[in-house]
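Listed in order, the protein sequences are those of chains S and D. Here the first sequence stands for residues 1171 to 1504, numbered as in my numbering. Here the second sequence stands for residues 70 to 326, numbered as in my numbering. Ideal Cβ placement from N, Cα and C applies to all residues, glycine included. It should be emphasised that the depicted structure is a prediction, and the values quoted were computed from it without experimental measurement. Below: the structure, in structure tokens.
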Amino acid sequence: MAEQVLVVVEHDGNEIGTISRQLATRGREQSNRLNAQLSALVLGHQVEGIVRSLSEMDFDVVFVADDSSFEYYNPEVYTRAVSEILRDIAPRAVLLGDTYMTREVGPAVALRLGIPFLGSCVDVELSETKVMVTQPKYGGVIHVRAELEPVPSSILISLQSRPGLPDTVRAHVPSIVPLKVEVDTPGLRTRVVDVIQETGAEFDITKADIVIAGGRGLGAKESISSLKELAQALGGVVACSRPVYDMGWLPVDCLVGMSGKTVIPKVYVACGISGAPQHVMGMSGAQCIIAINKDVNAPIIGLAHYAVVGDLREFLPTLIEEARRAKADSKRGG
Amino acid sequence: MEIVVCVKAVCMNPVRFELSEVGDGIDCGSRTLVMNEVDEYALEQALVMREELGGSITVISVGGLASQDALYVAKAKGVDRVIRAAADYVDPVSVSEILAKVIERLHFDMVLTGVESSDNMTGQTGICLAEKLGLPFAYAVTAIDATSSCDFLTVRKELGGGVYQVLDIRLPAVLCIQSGIQPLKYTAPARVLRARNEPLEVYSLQDLVPMAEGAVQPIRPKLVSLFKPETTRKAEILEGEPSHIASVVIEKILEVC
């Protein structure tokens, strides 16, 4: 078999994950550089629909492991299966999305195969002589470029989401290759009991045009009421980054980012949010981003269209007042 | 329940970023280290479980002398035993190898650690450690039900996008704890100061014999450059009196909506 750059596809049984679509585009760039084929690997049960969607994308080969043991994602089962499959296919490079599944399974698979795993990269460049990646460090304040030279026989690389990447135009008709993978279920030490989708919010933050989000910089729980007042004045909803959720100031339905929701509102006002990669992946597609932060070097400033650099808790009351005035004016204006 | 918690000491206030001389790490220009926040959540979870189920807590950190500061905090929070493995490695495969060598010497039911460190941010050490120990694992754990027995645990963990999974996992196991699992408790500085006088075990690499005898060294990438992230756009910084800035912000919002 020709050399492969392989994309591990994530899906929910119905749809291919956004990150996997991005990897198809990014994978093609890399496979072209290496004169290799671009292949996809999908695990699941009764995944005909997913395979159909994949065959409409720009892959040369789609490997399909369809088995009832893959119906629900089980980290132990997936680690064994993916290790076995990759050992057989022996791709030059494996691209994965930087997701919880990858973070759970990826390091274990790499160790079992005795190959390196470069995790949470924002960029990758594969060549015949070296592997080069860019990774965010220290909350994304700084990026590091790292090289592996010489090129290992194979490598796992996980990539963070990059919104706005166009789908590649299909230039190849993939061959579909079914795989037979045996998983020794009685020996398993991990059993999936349930999968829960958190719901029950009063409002769905993904449907809102205006999202007012707060982060660690809010400083105190009391500031949440200011956020709510601002959201109410503008007809928007409140949301938050991880630390605010962790402190119990807002429920999980308000959480934006890797652990929570992805929002694409018209306006995203980031109040005291530094802009760590896990948060940014949930909001960077917003049409207009306004950041209010005391640190001009915070990564969120590099993402925002407009920035207010200053003390959030001093500024919020003025902003609320102004929002109310504007609302009253618009009412008066008819 | 015998619990091991692995914590990393990380830079509290980075003042500058430079590549270390050998090109395998980043120097943040500060010697003041604190416990990685999400590891602190793992420790709080361990303390709650010890309270409910009895047993003991051992906290381990891999690092230089300065990393002991994180262990003193653990001691001040009331853990039973603290161990530092004196080594400078920063890559997850080497660190997990060293942690495994220490943990293999202990009696334990479970190992807890945070999902990722705030400096390196790749979140691999916990899972690598599970592999080195040959144990089952779960990543991004947000709740643990350990009331049933010492053979199995039920954990709830994140799959991302607001989806959670409930898993039964056989002990011993390695759990990578997500932030927010328990509230972080304040530790009085006076208690930390007192903890500095309490015993702390230090293992050198030579103590962890098989390593010194030449375990296979992982392939480590060489760090070649550091730079501020390239930004896709340059924000217009709004300046002036707060009331003026506020009116501009509202104007910009109304323009789009």
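Bridge-paired residues (DSSP) for residue i
i, result
"Thr1304(S)", "Asp1293(S) and Arg1315(S)"
"Cys1441(S)", "Gly1384(S) and Ile1462(S)"
"Gly1267(S)", "Leu1329(S)"
"Ala1409(S)", "Ala1383(S)"
"Lys291(D)", "Glu1317(S)"
"Ser1214(S)", "Note that residue 1214(S) corresponds to Gly in the displayed sequence, not to Ser. According to DSSP, which records beta bridges pairwise, Gly1214(S) is partnered with Asp1236(S)."
"Glu87(D)", "Asp96(D)"
"His1181(S)", "Ile1186(S)"
"Ile306(D)", "Ala1477(S)"
"Gln1367(S)", "Val232(D)"
"Pro1336(S)", "Looking at the DSSP assignment, Pro1336(S) forms no beta bridge with any residue, so it has no partner."
"Leu1288(S)", "Ile1327(S)"
"Pro1348(S)", "Val1234(S)"
"Lys1497(S)", "According to DSSP, which records beta bridges pairwise, Lys1497(S) is partnered with nothing at all."
"Tyr272(D)", "Ala154(D)"
Beta-carbon neighbours of residue i, restricted to chain S and to distances below 8 Å
i, result
"Asn189(D)", "Lys1307"
"Ser248(D)", "Arg1412, Pro1413 and Asp1416"
"Cys197(D)", "Pro1277, Ala1278 and Leu1281"
"Val235(D)", "Val1362, Val1363, Asp1364, Val1365 and Ile1366"
"Glu200(D)", "Pro1277, Ala1278, Leu1281 and Arg1282"
"Glu227(D)", "Tyr1270 and Ser1429"
"Tyr208(D)", "Pro1245, Tyr1270, Arg1273 and Glu1274"
Within chain S, the residues that residue i reaches when beta carbons sit closer than 7 Å
i, result
"Ser316(D)", "Glu1492"
"Val325(D)", "Lys1436, Val1437, Gln1457 and Cys1458"
"Pro83(D)", "Tyr1308"
Within chain D, the residues that residue i reaches when beta carbons sit closer than 7 Å
i, result
"Gln1367(S)", "Gly231 and Val232"
"Arg1359(S)", "Pro205, Ile238 and Arg239"
"Ile1471(S)", "Ala304"
"Glu1317(S)", "Pro290, Lys291 and Val293"
"Ala1251(S)", "Under the 7 Å cutoff, chain D gives no residues; its nearest Cβ is about 15 Å from Ala1251(S)."
"Val1422(S)", "Gly231"
Closer than 9 Å at the beta carbon, the chain S residues around residue i
i, result
"Thr223(D)", "Val1363"
"Ser312(D)", "Thr1488, Glu1491 and Glu1492"
"Phe86(D)", "Lys1307, Tyr1308, Val1311, Ile1312 and Val1314"
Chain D residues whose Cβ lies nearer than 9 Å to that of residue i
i, result
"Tyr1476(S)", "Ala304, Glu305, Ile306, Leu307, Val317, Val318 and Lys321"
"Lys1479(S)", "Sequence check: residue 1479(S) is Val here, not Lys. Those are Ile306, Leu307 and Glu308, listed as they occur along chain D."
"Ala1496(S)", "Ser316, Ile319, Glu320, Ile322 and Leu323"
Chain-ordered chain D contacts of residue i [CB-CB under 8 Å]
i, result
"Ser1290(S)", "Met190, Thr191 and Gly192"
"Phe1287(S)", "Gln193"
"Phe1485(S)", "Pro311, Ile314 and Ala315"
CB contact check: residue i to chain A, cutoff 7 Å
i, result
"Pro1320(S)", "Looking for chain A here will not work: the only protein chains present are S and D."
Subject >> Interfacial residues, the region 1446-1468 of chain S to chain D, with Cβ spacing under 7 Å >> reply: Result list: Gln1457, Cys1458, Ile1460 and Ala1461.
Subject >> Chain-ordered residues of the region 1378-1407 of chain S with a beta carbon less than 7 Å from chain D >> reply: Under the 7 Å Cβ criterion, the region 1378-1407 of chain S contributes Asp1379, Ile1380 and Leu1404.
**OP:** Give a yes or no on contact between the region 1264-1276 of chain S and the region 218-235 of chain D, applying the rule of three or more CB pairs nearer than 8 Å.
**Re:** Three or more beta-carbon pairs drawn from the region 1264-1276 of chain S and the region 218-235 of chain D are found closer than 8 Å, and the two stretches are therefore classed as touching.
**OP:** Could you tell me whether the region 235-244 of chain D touches the region 1345-1365 of chain S, using the rule of 3 or more Cβ pairs below 8 Å?
**Re:** Contact between the region 235-244 of chain D and the region 1345-1365 of chain S is present, because at least three Cβ pairs lie under 8 Å.
Original post:
Just checking, does the region 208-218 of chain D make contact with the region 139-152 of chain D on the three C-beta pairs under 8 Å criterion?
Top reply: Result no; under three Cβ-Cβ pairs closer than 8 Å.
Original post:
In chain order, what residues of the region 286-301 of chain D put their CB closer than 9 Å to some CB of chain S?
Top reply: Those would be Pro287, Ile288, Arg289, Pro290, Lys291, Leu292, Val293, Ser294, Leu295, Phe296, Lys297, Pro298, Glu299, Thr300 and Thr301, in chain order.
Original post:
In chain order, which alpha helix (DSSP H) runs of at least 4 residues are fully inside the region 160-242 of chain D?
Top reply: For the region 160-242 of chain D, whole alpha helix (DSSP H) runs of length 4 or above, ordered along the chain, are 161-172 and 194-202.
Subject >> Touching by the beta-carbon criterion (3+ pairs, under 8 Å), the region 1304-1319 of chain S and the region 1240-1247 of chain S >> reply: Short answer: they don't touch.
Original post:
Hey, is the region 98-115 of chain D in contact with the region 124-140 of chain D, meaning 3+ C-beta pairs nearer than 8 Å?
Top reply: Between the region 98-115 of chain D and the region 124-140 of chain D, the count of Cβ pairs shorter than 8 Å is three or higher; the stretches touch.
Original post:
Listed from N- to C-terminal order along the chain, which residues in the region 134-164 of chain D have their beta-carbon within a distance smaller than 8 Å of any beta-carbon of chain S?
Top reply: If the cut-off is 8 Å between Cβ atoms, the region 134-164 of chain D has Pro161 and Val162 near chain S.
Original post:
Does the region 247-264 of chain D touch the region 1284-1304 of chain S, meaning 3 or more C-beta pairs lie closer than 8 Å?
Top reply: The region 1284-1304 of chain S, when compared against the region 247-264 of chain D, does not touch it at the 8 Å Cβ threshold.
**OP:** Mind checking the region 90-106 of chain D against chain S and listing, in chain order, the residues whose C-beta falls within less than 8 Å of any C-beta there?
**Re:** Going along the region 90-106 of chain D in chain order, one finds Ile95 and Cys97 with a Cβ nearer than 8 Å to chain S.
**OP:** Closer than 7 Å, Cβ to Cβ, to anything on chain D: give me those residues from the region 1191-1212 of chain S, in chain order.
**Re:** Within the region 1191-1212 of chain S, no residue has its Cβ closer than 7 Å to any Cβ of chain D.
Subject >> Stretch-stretch touch, CB-based, cutoff 8 Å, three pairs: the region 1456-1464 of chain S with the region 198-205 of chain D >> reply: Flag = no, the region 1456-1464 of chain S and the region 198-205 of chain D do not touch.
Original post:
Would the region 302-309 of chain D and the region 1337-1346 of chain S be scored as touching if the rule is three or more Cβ pairs under 8 Å?
Top reply: No contact exists between the region 302-309 of chain D and the region 1337-1346 of chain S.
**OP:** Please name the residues in the region 1338-1353 of chain S whose beta-carbon is closer than 8 Å to at least one beta-carbon of chain D, in chain order.
**Re:** So the list is empty, because no residue satisfies the distance condition.
Subject >> Runs of beta strand (DSSP E) lying entirely within the region 94-133 of chain D, each at least 3 residues, in chain order >> reply: Within the region 94-133 of chain D, the complete beta strand (DSSP E) runs of at least 3 residues are 102-104 and 125-131.
**OP:** Could you tell me whether the region 1183-1191 of chain S touches the region 1215-1230 of chain S, where touching means 3 or more Cβ pairs closer than 8 Å?
**Re:** Judged by Cβ distances under 8 Å, the region 1183-1191 of chain S makes contact with the region 1215-1230 of chain S, as three or more pairs qualify.
**OP:** Decide yes or no for the touch test of the region 88-99 of chain D against the region 1469-1489 of chain S: beta carbon pairs closer than 8 Å, at least 3 of them.
**Re:** No, because fewer than three Cβ pairs between the region 88-99 of chain D and the region 1469-1489 of chain S fall closer than 8 Å, the two stretches do not touch.
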